[in-house]
Amino acid sequence: MSWNEDSLHRWLARWPKRRAALEAGNDAAVLAKALARPVVCVDTVVEGVHFEVGERAGLVGHKACARSLSDLAATGANPRAVLIALRAPRDANETRLRQLLAATERTARAFGAEVVGGDTTCASGPLSLSVTAVGELERGLVAPSRRRARAGQVVVATGAFGG
């Protein structure tokens with residue numbers, strides 16, 4: 001069964017109202033609160049590269065969101081909002097796409113962020129999901145960086161690099 005962009009948009013419109021955005025459900029969102037020190041990052045997962053064809057949709061959605069939230073955490077930022085960009089072939093299963101998006105939303109919510117917008121598009125080629133995460137760095141906190149790293153400091157990784 002192929003998916004229908006209008007049907008997917010109607011389903012997304014039923015998601016709970018977002019507190020983080022004055023207006024959401026569009027390709028762009030107006031955040032309800034200005035962020036004093038915003039941190040923004042984006043990560044993409046592509047079928048056949050970052051996950052296997054047929055892999056459980058919930059795992060794919062979680063992975064896509066967790067990668068961006070992990071990048072925020074690496075800078076010391078607190079997650080506030082995420083935007084999701086889904087690119088799927090016309091013959092993709094709509095139920096699977098909904099499961100993927102729902103898992104992305106659950107992961108964002110579990111870490112204090114809300115899905116405030118994004119984009120869906122039909123295209124040839126493999127399914128891909130990009131998650132843009134928006135966070136806020138607390139006042140006075142210096143974000144860690146590779147440039148400031150010094151010999152003898154502790155570096156922590158929770159998984160393989162680049163995957």
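Each residue of the sequence shown is one higher than the one before, counting from 1 in the numbering used here.
Just so it is clear, CB atoms sit at the ideal spot from N, CA and C, and this is done for glycine as well.
Among the options, the one whose alpha carbon lies nearest that of residue i
{"i": "Val-39", "options": "Ala-88, Thr-120, Ala-73", "result": "Ala-73"}
{"i": "His-50", "options": "Arg-37, Arg-67, Val-134", "result": "Arg-67"}
{"i": "Ala-103", "options": "Ser-70, Lys-63, Asp-71", "result": "Lys-63"}
Cβ pair residue i, residue j closer than 7 Å
{"i": "Pro-89", "j": "Phe-111", "result": "no"}
{"i": "Ser-130", "j": "Thr-75", "result": "no"}
{"i": "Val-155", "j": "Val-115", "result": "no"}
{"i": "Cys-65", "j": "Ala-108", "result": "yes"}
Helix, strand or coil at residue i [DSSP, three-state]
{"i": "Ser-130", "result": "strand"}
{"i": "Gly-152", "result": "coil"}
{"i": "His-9", "result": "helix"}
{"i": "Val-142", "result": "coil"}
{"i": "Val-53", "result": "coil"}
{"i": "Gly-58", "result": "helix"}
{"i": "Met-1", "result": "At Met-1, the pLDDT of 47 sits below 50, so the modelled position is not reliable; the number obtained from the coordinates is stated separately. Coil at Met-1, not helix or strand."}
Contacts around residue i, its chain only, beta-carbon distance under 6 Å, and the 5 residues preceding and following it disregarded
{"i": "Asn-4", "result": "none"}
{"i": "Thr-132", "result": "Val-42, Leu-83"}
{"i": "Gly-61", "result": "Leu-100, Ala-103, Thr-104"}
Close Cβ partners of residue i (< 8 Å) along its chain, the five nearest in sequence each way excluded
{"i": "Met-1", "result": "Unreliable placement is indicated for Met-1, whose pLDDT of 47 sits below 50; no coordinate value is reported for it."}
{"i": "Arg-143", "result": "According to the sequence as given, residue 143 is Ala; it is not Arg. Counting only Cβ-Cβ distances below 8 Å, and skipping sequence neighbours, we find Val-39, Thr-75, Gly-76, Ala-77, Leu-137."}
Within-7 Å CB hit, residue i to chain C
{"i": "Phe-161", "result": "Going by chain labels, chain C is absent from the structure shown, which holds only one protein chain."}
Cβ shell of residue i (< 7 Å), same chain only, five flanking positions each side left out
{"i": "Leu-141", "result": "Gly-76"}
Original post:
Which parts of the region 80-133 are runs of the alpha helix (DSSP H), unbroken and 4 residues or longer, counting only runs that do not cross its ends?
Top reply: 94-110
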